[in-house]
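Asks:
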Amino acid sequence: MDWNRWKPSRYISFESPVILGFALASLLVLVVNALTGGALNRSVTSVFRTAASNPLLYPRLFLHVLGHADFGHYAANMGLFLVLGPLMEKRYGSGRLLSYIAITALVTGLAHILISPHTAMLGASGVVFMLILLSAVSGRTSDKVPLTLVLVALIYLGRQTIGGLFTHDSVSQLAHIFGGLCGLVLGLKGPKDRSD
């Protein structure tokens, strides 16, 4: 039997290192959090208002996007993340997309502690919404704004705004709105060509 025929690299391409790395890191955080009885999410991978002198505040501003409450939460975020992410990584390059994810994590984390100081937030939904709006922007070929972008922005951001005003659930519409705005701004103001 020829064992070389069964090598995964013959059949699977391992592209999109940032997206795959993020998804795997987030899965690892989910497993470790479960093994520690939720201690990881409570201490590092959720963001909430705390004293500026607390040294964990600063990593939390970035790491909260890796934490998820349970597998259902993780799966809901990773579905769109793994569909849109590789397309955006190919379009913008790994380095630039990683910086976009970090910027979105920081913006959504800061917005949360400033606007919702009495709750904790975790999850990649802000990053997913950034990817949704970024993908809508990435199709532009001129300085004109594509109608599809306007429709996507109205549908996604409008739905989250209305949801935030009229429903009181555990979903952070704030992260969705600010994540979407990050995708919109980064896509419109950022370079149009690929750069690593």
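Residues 0 to 195 (numbering that gives the first Met the number 0) make up the sequence shown, in order.
We treat Cβ as the ideally placed atom computed from N, Cα and C, and that holds for glycine.
Here the structure is a predicted model, which is why all the values come from computation and not from measurement.
Quick one: using the 10 Å Cβ neighbour count with 16 as the cut-off for buried, is E88 buried or exposed?
Replies: Here residue 88 corresponds to residue number 89 of the sequence shown, with the count starting at 1. Its Cβ being crowded by 16 or more others within 10 Å, E88 is buried.
Asks: Extract the residue ranges of the alpha helix (DSSP H) inside the stretch 83-153, only unbroken runs of 4 or more that lie entirely within it.
Replies: Here the runs fully enclosed are 93-114 and 124-137.
Asks: What residue from L96, S115 and I131 has the CA that sits closest to L82's CA?
Replies: Walking along the sequence shown from the start, residue 82 turns up at place 83. The question names Leu, but residue 82 is Val in the sequence shown. Measuring from the Cα of V82, the nearest candidate turns out to be I131.
Asks: S52 to L60, Cα distance in whole Å?
Replies: For the purposes of this step, residue 52 is taken as the residue at position 53 of the sequence shown. For the purposes of this step, residue 60 is taken as the residue at position 61 of the sequence shown. When rounded, the distance between both Cα atoms is 14 Å.
Asks: Please report the distance separating the alpha-carbon of V46 from that of W5.
Replies: Numbered from its first residue, the sequence shown carries residue 46 at position 47. Numbered from its first residue, the sequence shown carries residue 5 at position 6. Cα to Cα, V46 sits roughly 44 Å from W5.
Asks: F13: buried (16+ other C-beta within 10 angstroms of its C-beta) or exposed?
Replies: Here residue 13 refers to the residue found at position 14 when the sequence shown is read from its first residue. Exposed: under 16 other Cβ atoms inside 10 Å.
Asks: Can you give the Cα-Cα distance for H67 and G122, rounded to whole angstroms?
Replies: Residue mapping note: residue 67 aligns to position 68 of the sequence shown, counting from 1. Residue mapping note: residue 122 aligns to position 123 of the sequence shown, counting from 1. Rounded to whole angstroms, H67 to G122 spans 5 Å at the Cα level.
Asks: Helix or strand or just coil, what does DSSP make of R46?
Replies: The residue you call residue 46 lines up with position 47 of the sequence shown. Note on identity: in this sequence residue 46 is Val, with Arg being the wrong assignment. Strand, per DSSP.
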